[in-house]
Amino acid sequence: MSTAVSALTLCSYRSEDERVHEALTKFEDVAAGAEAAALGAYLGGARKAKRPLIKGKQSKLFLWGAIAAGLIAPAILRRGKSKVLRSAVAPLLTIVGGLALKWSITYAGQESALDAELAVHNSPQASGEPFWHPGVPGI
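Counting in this note's numbering, the sequence shown runs from 15 upward without gaps.
The structure is reproduced here in structure tokens:
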């Protein structure tokens, strides 16, 4: 949602209608807040499953790309006086941060799936046996 409204903000950059800019800024704040809350809830409840995202190969992209550049920096820039920072740089950072989030979650998930300890920990089977591993035919 935050990347979509950021794209709309970029598309309306040349608009002179201040009501449009104010509405989009408010919507960006709400969408970014919801995204931050969802990420916080996920990280709070994921226990060991979040390890590849926080400490794995994707951790720098997740923390610096998705969190710092995609959520925190745009929230600060949207408060600035400069229209360029508010309506061009902040939305671009949000879009880049959204890409970083999707990339890091996808590849951290693959890293998690290949980790034998996490595969057993995340197993939906009552026995705790992993339901997937690289040696299973057809996968």
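Where a beta carbon is used, it is the ideal one built from N, C-alpha and C, also for glycine.
Keep in mind it's a predicted model, so treat the numbers as computed, not measured.
1) Using CA atoms only, rank isn't needed, just tell me which of Ser16, Leu113, Val19, Ser20 is closest to Leu75.
2) Residues in the same chain with beta-carbon distance under 8 Å from Leu106, minus the five sequence neighbours each way, listed in chain order, please.
3) In chain order, what residues of the same chain lie with their CB nearer than 6 Å to the CB of Leu4, ignoring the 5 residues before and after it?
4) Is it the case that the Cβ atoms of Gly111 and Ala83 are separated by a distance below 7 Å?
5) By how many angstroms is the C-alpha of Asp129 removed from the C-alpha of Arg93?
6) Within 10 angstroms of its Cβ, does Thr120 collect 16 or more other Cβ (buried), or is it exposed?
7) Sorted by chain position, which residues of the same chain lie with C-beta nearer than 7 Å to Leu38's C-beta, five sequence neighbours on each side aside?
8) Starting from Trp117, trace the alpha helix (DSSP H) in both directions and tell me its first and last residue.
9) If we count the other Cβ atoms within 10 Å of its Cβ and call it buried at 16 or more, is Gln124 buried or exposed?
10) Counting contacts by CB-CB distance shorter than 7 Å, is Ser16 in contact with chain D?
11) I need the DSSP call for Gly70, collapsed to helix, strand or coil.
12) Below 8 Å on the Cβ atoms is my guess for Ser159 versus Ala63; work out the distance and round it to an integer in Å.
On the basis of the data shown:
1) Position 61 of the sequence shown, counted from the first residue, corresponds to residue 75. The option with the nearest alpha carbon to Leu75 is Leu113.
2) Position 92 of the sequence shown, counted from the first residue, corresponds to residue 106. If we look at Leu106 and ignore the five residues flanking it on each side, its Cβ neighbours are Ser20, Leu24.
3) A question about residue 4 goes unanswered here, because the residues of the chain that appear run from 15 up to 153.
4) For the purposes of this step, residue 111 is taken as the residue at position 97 of the sequence shown. For the purposes of this step, residue 83 is taken as the residue at position 69 of the sequence shown. In this structure, Ala83 lies closer than 7 Å to Gly111 by Cβ.
5) Here the question's residue 93 lines up with position 79 in the sequence shown. Here the question's residue 129 lines up with position 115 in the sequence shown. So the two alpha carbons sit approximately 42 Å from each other.
6) Numbered from 1 along the sequence shown, position 106 holds the residue referred to as residue 120. Thr120 comes out exposed.
7) Position 24 of the sequence shown holds residue 38. If we look at Leu38 and ignore the five residues flanking it on each side, its Cβ neighbours are Val19, Leu22, Thr23, Ser26.
8) Position 103 of the sequence shown, counting from 1, holds the residue named residue 117. Looking at the DSSP string, the run of the alpha helix (DSSP H) that includes Trp117 is 104-128.
9) Within the sequence shown, the letter at position 110 stands for residue 124. That one is exposed.
10) Annotation note: the requested chain D is absent from the structure, which comprises a single protein chain.
11) What you label residue 70 is simply residue 56 of the sequence shown in a count that begins at 1. Reduced to three states, the DSSP call for Gly70 is coil.
12) Within the shown structure, residues of the chain are numbered from 15 to 153, placing residue 159 beyond reach of any answer.
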